[in-house]
Every structure is written in C-alpha cells, then in structure tokens.
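Residue numbers (this note's numbering), protein chains in the order written: chain A, -8 to 317; chain B, 156 to 446; chain C, 164 to 703.
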C-alpha cells in the first residue's frame, strides 16, 4: 500500500486527481448555491425574517443595508463566496462579532469530537467485523450481529441520556455535560468521551455489519480460491487478500456515513451542552441569525464533501486499476 | 450501498414458505405488527386521553392504573406511546413513499439512459443531497418553514429520494446488460417500456428490502427532529419530544426516559429484522446454499 | 509407485450424492484427461484431491499421493501440501488473481507461504517461473498488476503460481475453456512442456474431446458422478466401448444433415446487406483539453446473405464480431455505412421501425440469462409479437401460433404454461429458437447460440437448426468462435480480425485452403479430434 501513496504523491495519475478535484469544486459550488437559495431567497426577505413581523421600517432598512441585501442576487452570492474564500464569514447579527471568530471557537470542540468519535468507530468496527466474518455463523458471529442490530436501532441521543444516567449521575466517572476548554487536555478529553461514545455507537454498528458483509463477499471471489490452492490457510487468505479488497466498499460507507456522524454530533452537542458548531447553528436558527447559519452549514457541507474527496483519493491508493500507467 | 438485483428464480408461493421459516423475518413482523396495531387502535381508544393532565399523580412509575406510569404533567405514558406510534409511523411511512415515488423513476430513467446528460444530472443531484448532513437540512427546512409533522415528512422524504434513485439505478444497470433485455430491445421495445415491464418487476425485491430499512431510519429521524422540537407539535405527543422532556427528569423518574426510548428501539429493531429476513428470503445465492 | 491413486472416492453434499466410487490412477510424468459434461463431477474430483470441497461436503475413500492418504490429513498439513506438492489451475483467468497485488507478489507468495526462501530469493524464483511460463521479466516486470494483462497472460501467471515450487502433481480444471483458440493452443503447448520439464503428473479436466485427445496419455470419462470408462487415449477412442463414450465421440464430430441453399433468384434482393459499416467507440477522456480518442471496432465491413443461406462469422475476442452483430441488430447507431434488411434500411439511431425489424430475430448465447425469470414461456416467446403491432394474432390464433412454435422446436404445447427455470439449458435454447421463429423472420442471428451448451446437447440443437433452415428457408448469420461448429452448419464463412473481414468464401473451401495468414493460424490452432487421433496412431 505504500506504493499506492507514493504513486499518489508522485502524481502518476494526473487525470484521476484532476477529475476528482474538479468534482470537488463543482460540488462545493453547487452546494453553496443551494445554501444561498434556501437561506437568502426562500425566506423571502431575510431582513424581515431575522427581525420578525413587528420590526420598524427604519430598522429593516438599516439591516438590509448592513447585509448588502440591496444588491442583485448574483452580486450577493458572489460577495458571499469571495468573502468566504478570504476567511470573512460576515458579522453575526446576534453577537455582533465576526462569524469566523465564533466558528473558530466552536471548531476546537467539534473537530476533536468528530475525530474522537470516528476513531472509536473504526477501533470498534474493524476488529468486530473481521472477527464476525472469520467465524461466520458461529455463536460469536451471531452475538456480534445481534449487538449491531441493537446498536443501529438505538437513537444516539437516548443512548447519550442513558450514558449520562449511568456514568455521570450514578458512577460519577464523568461530568454530565459542558466543556472545560483545552487548558487541561485530559479534562477536555474526559468531557468529550461520553459524547464520542454516544456518537460512535450507531456508526460502529453499521460499519461492523458493512465490514463483515464486504469481507464475506470478498471471501467468495475466485482469487481467494486460488490463494487457498497455493497453500494459504483460511486465516491467511483473509488477512492477505480479502481484507484489502473489502476495504473498497468499506471506505465508501465511511465516506457516506460521515455526514450522518456530523448530523449526530449536532444533536449530541445539545444533549451534553458542548459549545460546538452544532449548538452554534441551533442557536443561530432559534435566533434567526441567518449569517451564522449560512456560514456554519456551508462549513459542515464542505467537511462532508472534503471527506468524500479523501475517500476517493484513498481508492486510488488501494486500487491499482484506478491508477494509470505512463 | 448498491444491491445487486435479486432476480426471482422461484414462484411466489415459495416465498411465503421461506418467509415463515425465517426467524428474523417472523420476529420482525410480529414486533412491527404490534406497533402498527397500537397506532391504529389509538385512533379509536387509548386508556386515557393523551392530553389529560393529572398533576397530583405526576411522575408515578408503572402501576395497575397507568401501565407505563405518568409523566411530569400526570399524563398517561401508555396513551402517549400509542399516539406517538401513530405520528412516527405516519411520518416515516409517507417519507418513504415520497422517496420511492420520486426516486425510483429517476433511478430507472438514469439507468435507461446511462452516460447521457440526464444520467449525469441525476447522479450529481444525488451526490449533492448526500453531501448535506440529513438532520441539519431537516432542521433548516423546519426552521424556515415552521415546525410540524408535514414539514418533517418533507424534510425526511427529501433524503429518501437519492437513496432510492441510487439504488434503482444500480440495480437496473446490472439488468440492462442481461440478454433478456437485449431480446426485448430486438423485439423493438423502447427504454420506457422495458423499464416498466422488465426492469421494475425484477428489482422489486431489492426495493422492498430498502423500504423497510428507510422506514426504520425514518422513525429514527423523526425521533431526532422531535427531540429538538421540530416534529409534531404539542399537544400531540411524539416519542422524541417525550425524551426531550424526560431529559431533566431522568434521575428522578427514569421510566419517563426509558420507555419512549425503548419504543423507538423496538420499532426500529422490528423493521430492521424484517428487512434482514426479506433480504435472506430474496437472495438467490443464499437460497441456493440452503437447498 | 503411482503418483496418485484414488480409490473408492465418494463425496456427498448434505444428503445429495455427488461422486460415487471414483477410481483413478496417475503415474509420474503422465497426463490424465478427465472428461465430462456439466454435472459430471469432474471439478468435484479435482477439488476433493485438493481437499477444497465446499462447506458441508463429506468425502470418503482414499486419495493416495505417493502413498500418503490425503483424506486423512489435517487441514494444517494440507496447507503445506497445496502449492508445494500439488498445484491447481482454474478455469477463469480474469478473476483468478488478486487485483490489488502485483503478479510478482502473487507468484512469490507461493514460495514464501511454504517458508522455502526469504523475500529476495522468492522474488528471484518468481522471476524465473514467470520466464518459464512465457512472461519474461524484460517485458513483464514483477510489478505489473493483473488488470494490465490479457486473459491468456493472466492464465500464464496463474500457472506460474501453481508450479513455482515444482509440485509433483498439477491439477488443471478447464484451464483453456475461457480462452481464444490461438491462446488455447499456446497454453496447451506450455502445459505439455512444463510437464515434460518437471516430470509432473497432470490431471487435465475438460469437456472438449479434441483438446484431450491431443494432450492426454490416458483418459477417464465421467458421467453423473461416476467414471464410465478409463484407458489409454487412442485405445478408448478407437474402441468406443461404453455407449456414453460413443455418444460423446459422435456428438463431438457431429455434422448435421443439411440441404444445399436454394440458388438465389436473379434480381432478388439479399436478405441482409451490410455495406461498409463502421462502428467507433469513444474511449474515456485521458486529457482534459484534447477530445477523447475513438476506437474503431468495426472497420468498413460488408457482407450479404441470400435467402436460405447460412453464413458464418468467425472471430476471436476483440475481433469486433459482437459489435458488428449489435450493429446489424440495430441496437447501436452506426458511424458509417448502412444495414439493409430485405430491402429496408435499418436506422438504429431512430430505434429502427418495428416493420423493418420483423424480418430479423436473434438467439443469444446464455440460456439462463435470455429470459425474464418472472414470465411464463407463452409470454416469453410471444415477445416479438410487439413488432406486429395491431396485426399481432390474439386469442385462439395466438394460442395456435404458440403451440406451433413450441412443437417446431421439439417441445410440447403444454410447456407454454411453465417458467424458464423448469427447463434445462438445451431446452431453454429451444425456447429461444421458438421465440426467434414465431413471427417467421427471414433472418435469424445466432450469437454464440450453442457455445454454452454441452457437447451432446449442442449436436441436437445444431440438427434442429439445420432442419429448420432447410424446411422454412431461413437464413442464418451464425456468429461463433468455434470453428468446428461453424464448419458444420454454414454454407459460407467470413473471418474477422481487428474489425476487418480478412477472408470470406464457401465454408469448405476456406477450411480446406485458407488463404489469409490469420485464417491459417486459426485453423492450425484449433484442436481437431481426427488429427489428434491420427497422430496418436502414428506414434503408437
């Protein structure tokens, strides 16, 4: 696999890379247009929407001026996009501070949380899925399948509540919510642990099943039979041949599930009172602060698209068929 | 995930026999049926009115009078669960319907005209919707248009459309290369006719399995929306809202949090088991192994 | 001591018996041909020898490899034996190799797994072995991936992985069935050479008598899980003692009785006229700035078929014959030229009018994929009625046509109510022919229509086709890669290579005196039962 990353770095497949990059940019543009339309065009008059029905005409006019709503749709859109490219996300109406600052503050909670949850998911699901596939139809396999069946059925916010009940209220191992800041990394991680577990549960359940099923499919392929005929044991064929081939569909699912991970994080932050992007966007919606909402949604969508882009790149690292020779 | 079209190789009555023999299917059907029954009966009868307040008897645990106990306003939780079943199932079911009715034709059209501009547009639109974290957009839509069951249906339904479009397209593509489709083309049948007469009936199995899965996901999504206050509005009870209300009471009266959560888990579990069972019944490879 | 001695091998899967009382022997350096049609159990015998039977299968009896009973060995010991003492080559080269690993790694893996060498030495052995199988390192470096190789080259890699440690026994399960005729010939030569060089014993499993007659010293013929006859190749095929052997032998060389096609009436239009047809494929875009390249699959091809004539189209994979067939069927638009069917031009871009399509029908290769599994036979074979529009028969007339079509192909009218899965492969092809006949076309295109059938069934279907052509004055375009089948059923033949027709003429003439070099190489490579047996007699 090292050869794959080297090939990537060496730029041996410019066509593939360019194609994916173009796709990335197009997706971002399309997404930004959709967000813009939903948040600036659909509510009718954004200023009216933000201030409510009883606003004074002068306040409305002032706000419209401030938001630049008197320009054409296209100029507003382009202004917004160019602003973002420069790191300018506008000024929050509620907090009267630059949105970029607000985002930066929240990002230090949400990003580690997402990574923590993703890491837990992978750490649980890979071994569990491989274990279940290797012992297909055994009692161990059925247990794993049963556990994952339950895991996908549990709403993550309810699971979070139960975790709080058990670990915070009863056992007092963790706090029930809140975030102490990164001053003490250990305390910060402790505050993020229960939320990360709550997020990871449904994701890990799904991914375990996907890993198991991808492995079983791969184990039915002809080249596995060829490997057995060479003298490899069942276990060796699984580790040397099946696993890497099974990674391809698994990576696809990881990419797809990432957006669900982010969505889950939004709710979980509300359960645990974590000052992350999720809470920010919620507060923004409740306060009708469209500027904040626009920027955070764009950021989250960017994260999803970018993660899927990384997944595409990793395909090429794994699968030589996607790389073109000189 | 794209499923290979599960071509039927036996006649329908053998499906019924296989269904009866499948433990996951039977358990799933039973559980789902129970909740369906609760939902339907709730139109005619509930032990108490779900809106009846009874403050003196608030937060009582399960007992003879209140099978599931009472909440912080003294309302009977069992009645609330029954009506909540009605809401959740209706929202999830209609949202799935939206996804199927819009998504499947789109997917079939894309497969019939593979590689064309139509195909590209549909694929790109799919990818675009998938790029948005589902719940976030549901929250956005309900925030802009106002909360309520109808908007929840629209929000969840929008996310079912690309799921079914991608699924039908993938399944249809594997069929388009088969020789019986070539034979139909040589017989002069056009792509629309072929899609309806030959492709659709043969991908029905795959679609049915996905319907149960999306139904289950719809229940979870509706619960999530209700939890943050954007589903069916009070006084209509919904399971997610019950959980939100119970959050602060969890140490005082755990049953207020545990019971609605269990209701969600069991319904989703029942549907997923049904889906798994159906997949086993329809999958020709598994059937061959059993013979 | 014999290298391999199988006694009383019985295999059951669940309660279904698969193999019964199999006795086989193989000496060192000997090639045993294991012949059988589908369902005969020949592959199972090979898998049993490797102890790679599917889950739930139980084997009893004894399989002695140099005196060691393989059926008594623990799995761990078998892992040591596989690859080191026994090598196996499977049928399908396109999926037999791990797509994510280099060919060097996969060949070296055999060596490394058995702990015979370190990495560097294993790589050397891999390089040598790949050289032995005809893939020298200068042209095929070890870091090539399987998807960069053709089918024949991949099969060579598979053979390399099997023989890297010079095993005593090589089991080859239909190793050339999926390959082109010319590639097949090369692989057969390679296998013979390896057997001679290493003194291996080889079990060569196939359904093709011509292949086995040239290659194997002894043959064993299997039918429905049992061995019906064994013996020295020449002797078995001369004596034809067992009725099944005789049936197989006759089916292999079977030539249906045919009527000469009627002389074309002067001035009559040919049934099919293909004029300078061109089909180009757009290749995937390599560069964002230049337009994508095109690949010419069919390069100015012309042919005509007259009423009642049977014309063959021969070519290997990549020749463009399938693309040409699809163009004639008006399934894909042309980039040049025209297809004229009984005087009417077919315009594929417009979908070709139903009226024009009425004169032509198709029989495809795969008897299992040709039918919508949800429909009954009566609905399936009346699908072409769609072309008749409002003139399509209904009611009693429709039932009569269905019955007539089914009876013409040797089935019964009652079969109309059944589903396709209730029929065997050969019967399904009959249904496919009934479907093609029902609107009484002038031309039937048979696209590898008998390639997926067993030898004995194939002979019956060819008889049916020949009889129908004579009786109903049908014209056929018979597309195949199998030269013997084409020779048996066609009046004229066209040979296609790389998108062009390189030779055409009366079938007998072309086969006896091929003029183009490609035709000559094709004919030289095609295994022939008579020639092989004649050679054996000379050598004996």
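Just so it is clear, CB atoms sit at the ideal spot from N, CA and C, and this is done for glycine as well.
Residue-level contact to chain C via CB, residue 240(A), 8 Å cutoff: no
Three-state secondary structure (DSSP) of residue 498(C): coil
Any C-beta of chain B under 8 Å from that of residue 644(C): no
Nearest-angstrom Cα separation, counted from residue 311(A) out to residue 7(A): 12 Å
Beta-carbon spacing of residue 463(C), residue 653(C) below 8 Å: no
Among 609(C), 660(C), 661(C), 664(C), the one whose alpha carbon lies nearest that of residue 643(C): 609(C)
Completely contained alpha helix (DSSP H) runs for the stretch 44 to 103 of chain A, where each covers 4 or more residues: 48 to 58, 64 to 76
Residue span of the alpha helix (DSSP H) that contains residue 240(C), given as start and end: 238 to 244
Pair within 8 Å by beta-carbon distance, residue 253(B) and residue 312(B): yes
Beta-ladder partner(s) of residue 655(C), from DSSP: 474(C), 669(C)
Minimum Cβ-Cβ distance from residue 214(B) to chain A less than 8 Å: no
Beta-carbon contacts of residue 255(A) that lie in its chain and below 6 Å, excluding the five residues immediately before and after: 147, 190
Element boundaries [beta strand (DSSP E), containing residue 444(C)]: 435 to 445
Reduced DSSP secondary structure (H/G/I, E/B, other) of residue 444(B): With a pLDDT of only 39 at residue 444(B), under 50, the local geometry of the prediction cannot be trusted, and no value is derived from it.
Under 7 Å (Cβ pairs) to chain A, residues found in the stretch 245 to 268 of chain C: 245, 246, 247, 251, 253, 255, 258, 259, 260, 261, 262, 263
Residue 284(C) classed as buried or exposed, judged by whether at least 16 other C-beta atoms fall within 10 angstroms: exposed
Presumed contact (8 Å Cβ cut-off) between residue 658(C) and residue 418(C), rounded CB distance: Not quite, the Cβ-Cβ distance comes to about 20 Å (not below 8 Å), so this is no contact.
For residue 180(C), three-class secondary structure by DSSP: strand
Minimum Cβ-Cβ distance from residue 258(B) to chain C less than 8 Å: no
Top-ranked residue by Cα proximity to residue 504(C), from 434(C), 526(C), 539(C), 244(C): 434(C)
Neighbour flag for residue 312(A) against chain C, beta carbons, 8 Å: yes
Proximal chain A residues relative to residue 378(B), where beta-carbon distance stays under 9 Å: 146, 148, 149
Neighbour flag for residue 14(A) against chain C, beta carbons, 8 Å: no
For residue 145(A) and residue 128(A), the rounded distance between their alpha carbons: 24 Å
Reference residue 54(A), options 213(A), 39(A), 28(A), 64(A), closest by Cα: 39(A)
Beta carbon proximity, residue 337(B) to chain C, threshold 8 Å: yes
Per-residue DSSP class, three states only, for residue -8(A): Residue placement at residue -8(A) cannot be trusted, given a pLDDT of 46 that sits under 50; the coordinates are not used to answer.
Enclosing alpha helix (DSSP H) for residue 207(C) [first to last residue]: 205 to 213
DSSP state of residue 540(C) mapped onto helix, strand, coil: helix
Under 8 Å (Cβ pairs) to chain B, residues found in the stretch 173 to 191 of chain C: none
Contact residues within the stretch 192 to 225 of chain A, judged by C-beta distance below 8 Å to chain C: 212, 213, 214, 216, 217, 218, 219, 220, 221, 222, 223, 224
Cα-Cα separation between residue 325(C) and residue 195(C), rounded to whole angstroms: 18 Å
Status (buried if at least 16 other CB within 10 Å, exposed otherwise) for residue 445(B): Confidence at residue 445(B) is low in this model, with a pLDDT of 36, below 50, so the placement of that residue is unreliable and no value is reported for it.
is_contact[residue 266(B), chain C] using C-beta, thresh 8 Å: no
Reduced DSSP category for residue 189(C) - H, G, I as helix; E, B as strand; rest coil: strand
Chain-ordered chain B contacts of residue 257(A) [CB-CB under 8 Å]: 288, 290, 291, 294
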